[in-house]
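Just below is one structure, and these are the notes that go with it.
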Amino acid sequence: MPDLTRPQAPDDTIGDRDLTAWRSRFGRWLVGVFAGLARASRPAARRVASWSSAHLAFVVFAVVALVVLIALVEGIETVYEGVVGRNGPTAVDQPVLDAAISLRSPGLDSAVTAFTDVGGPVGMPILALVAVAVITWRRRRWTPIVLTLIAAAGSLAMTVVGKNVVDRARPPASLAVPPLEVSPSFPSGHTLNATVLTTIVVYLVLIESTAAWQRTLAITLGTVFVVTMGLSRVFLGHHWLTDVLAGWLIGLAWALAVITAHRLWLTLRERPGSADSPDGIPQQGPAS
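Here the sequence shown is numbered in the numbering used here, starting from 13 and rising by one per residue.
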């Protein structure tokens, strides 16, 4: 049984990329904001303040999620109106579904159904937790599990809110492959959750990997899995294409918010010099 409190390999790099080096102006500004919390403290309490500012970084993705969710409500209303009016990007929904129906066969329907179940509310969490448990055991740190649980909680919240706000009807039951689903259609929960959890797992694998081919393979497999999971929902007639597109976009936005928060936490934890810098930019490591 590993000692999860004992540090192992560095967790602040992906290959040669230093995750605590921020190249964008917004990233450096973000670091400066949280580093300012530490600078404002008394010298004797600076170490405690540094710890607090690092952990406070997790608030970033909560705030980003809230902002994204508010923005999505406006976008969802627009998309729904497009569905009703048969205009805008949703005009492709029916033609795409018709094309999917033309490709169906009993054997293919069964295979796609088995695959889409992997991304369901039971299969996807199990798959992600197994992968993250292995990474946690190898790294001997709880961070991978914490990141995954937070990402999953936000993903579930956005799925529930999105469905309740729009309450969009699924494609007609006569055009869907059983078993049928009865929850609102927008956004695709399978797609959104698969996008979030897969992106986080791939991110953790990239940190763990030591060879470029391993990172390339992880990104390729993750992308293929997320894309095919979304398309399987359209193929089976369980969602419209725009439901899936929304799932991809919302899921990716939330996953990137979690990753950004993790990078911010790493920066303030690993680079205490940032608290002494006037602009909050770490004074060690590669220039950003």
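From the three backbone atoms N, C-alpha and C, an ideal C-beta is built for every residue, glycine too.
Quick caveat, the model's predicted, so the values are computed rather than measured.
>> On a Cα-Cα basis, can you pick out the residue from Phe-198, Thr-207 and Gly-259 that is closest to Met-136?
In response: Position 124 of the sequence shown, counted from the first residue, corresponds to residue 136. Per the Cα distances, Thr-207.
>> What does the Cβ neighbour count give for Leu-120, buried or exposed, with the cut at 16 atoms within 10 Å?
In response: For the purposes of this step, residue 120 is identified with residue 108 of the sequence shown, where counting begins at 1. The residue is exposed, with fewer than 16 neighbouring Cβ atoms inside 10 Å.
> Can you find at least 3 beta carbon pairs, one from the region 212 to 230 and one from the region 114 to 131, that sit closer than 8 Å?
Replying inline: no
> On the premise that Gly-259 lies in contact with Pro-199, defined as a C-beta separation below 8 Å, what is that separation, rounded to the nearest angstrom?
Replying inline: The residue you call residue 199 lines up with position 187 of the sequence shown. The residue you call residue 259 lines up with position 247 of the sequence shown. Correct: roughly 4 Å between the Cβ atoms.
> Is there at least one non-hydrogen atom of the ligand FMN closer than 7 Å to the beta-carbon of Thr-235?
Replying inline: Absence of the ligand FMN is noted for the structure shown, with no ligands found whatsoever.
> From which residue to which residue does the alpha helix (DSSP H) around Val-124 run?
Replying inline: To locate residue 124, count along the sequence shown from 1; it is residue 112. Note, Val-124: alpha helix (DSSP H), 118 to 130.
> DSSP three-state call for Ala-57: helix, strand or coil?
Replying inline: Here residue 57 is taken as the residue at index 45 of the sequence shown, counted from 1. Bear in mind that a pLDDT of 47 at Ala-57, under 50, signals an unreliable position, so the number given afterwards is only what the model happens to contain. Three-state result, Ala-57: helix.
> Distance, Cα to Cα, Asp-105 vs His-274?
Replying inline: If you number the sequence shown from 1, residue 105 lands on position 93. If you number the sequence shown from 1, residue 274 lands on position 262. Between Asp-105 and His-274, the C-alpha separation is close to 37 Å.
>> Going by C-alpha to C-alpha distance, which of Gly-39, Ala-143 and His-250 sits closest to Pro-184?
In response: The residue you call residue 184 lines up with position 172 of the sequence shown. Residue His-250 is the option with its Cα nearest to Pro-184.
>> Mapping the DSSP letters down to three states, classify Arg-11 as helix, strand or coil.
In response: This structure gives no information on residue 11, because the portion of the chain shown stretches from 13 to 300.
> For Phe-192, which residues of its own chain have a beta-carbon under 7 Å away from its beta-carbon, when the five flanking residues on both sides are left out?
Replying inline: As a first step, residue 192 must be located in the sequence shown, where it is residue number 180. Correcting the residue identity first, residue 192 is Leu in this sequence and not Phe. Same-chain partners within the cutoff: Ala-185.
>> Using CA atoms only, rank isn't needed, just tell me which of Ile-113, Ala-164, Trp-277 and Val-45 is closest to Val-213.
In response: Here residue 213 is taken as the residue at index 201 of the sequence shown, counted from 1. Here the closest residue by C-alpha is Ala-164.
> Once you ignore the five residues that flank Ala-265 on each side, which residues in its own chain have a CB closer than 7 Å to its CB?
Replying inline: In the sequence shown, residue 265 corresponds to position 253, counting from 1. So the list reads Val-80, once near-sequence residues are dropped.
> So which of Gly-234, Glu-220, Thr-235 and Phe-237 has the shortest CA-CA distance to Arg-29?
Replying inline: By 1-based counting over the sequence shown, the position of residue 29 is 17. Arg-29 has its Cα closest to that of Glu-220, out of Gly-234, Glu-220, Thr-235 and Phe-237.
> When the distance is taken between beta carbons, is Gly-263 closer than 8 Å to Leu-204?
Replying inline: Here the question's residue 204 lines up with position 192 in the sequence shown. Here the question's residue 263 lines up with position 251 in the sequence shown. A contact, by the Cβ cut-off of 8 Å.
>> DSSP has Ile-26 in a bridge; who is on the other side?
In response: In the sequence shown, the residue the question calls residue 26 occupies position 14. According to DSSP, which records beta bridges pairwise, Ile-26 is partnered with Arg-29.
>> I need the boundaries of the alpha helix (DSSP H) containing Leu-204, first residue and last residue.
In response: Position 192 of the sequence shown, counted from the first residue, corresponds to residue 204. That run of the alpha helix (DSSP H) goes 201 to 220.
> By DSSP, does Ala-223 sit in helix, in strand, or in coil?
Replying inline: Position 211 of the sequence shown holds residue 223. Coil.
>> Which of the three DSSP states is assigned to Asp-179 in this structure?
In response: By 1-based counting over the sequence shown, the position of residue 179 is 167. Asp-179: coil per DSSP, three-state reduction.
>> Report the CB separation of Ser-244 from Val-124 in whole angstroms; it is logged as a contact under 8 Å.
In response: By 1-based counting over the sequence shown, the position of residue 244 is 232. By 1-based counting over the sequence shown, the position of residue 124 is 112. That pair is a contact at about 5 Å.
>> Please classify Ile-162 as buried or exposed, where buried requires at least 16 other C-beta atoms within 10 Å of its C-beta.
In response: By 1-based counting over the sequence shown, the position of residue 162 is 150. Counting Cβ neighbours within 10 Å, Ile-162 comes out buried, since at least 16 surround it.
> Taking Ala-126 as the reference, which of Val-189, Ile-26 and Val-270 has the closest Cα?
Replying inline: On the sequence shown, residue 126 is found 114 positions in, with the first residue counted as 1. Checking every option, the nearest Cα to that of Ala-126 belongs to Val-189.
>> Given this structure, state the Cα-to-Cα distance separating Leu-159 from Gly-131, to the nearest angstrom.
In response: The residue given as residue 159 occupies position 147 in the sequence shown. The residue given as residue 131 occupies position 119 in the sequence shown. Their Cα atoms are separated by approximately 19 Å.
> So what's Arg-37 in DSSP terms, helix, strand or just coil?
Replying inline: Walking along the sequence shown from the start, residue 37 turns up at place 25. Arg-37: helix per DSSP, three-state reduction.
> Whose CA, out of Thr-155, Gly-234 and Val-256, lies closest to the CA of Val-270?
Replying inline: For the purposes of this step, residue 270 is identified with residue 258 of the sequence shown, where counting begins at 1. By alpha-carbon distance to Val-270, the top candidate from Thr-155, Gly-234 and Val-256 is Thr-155.
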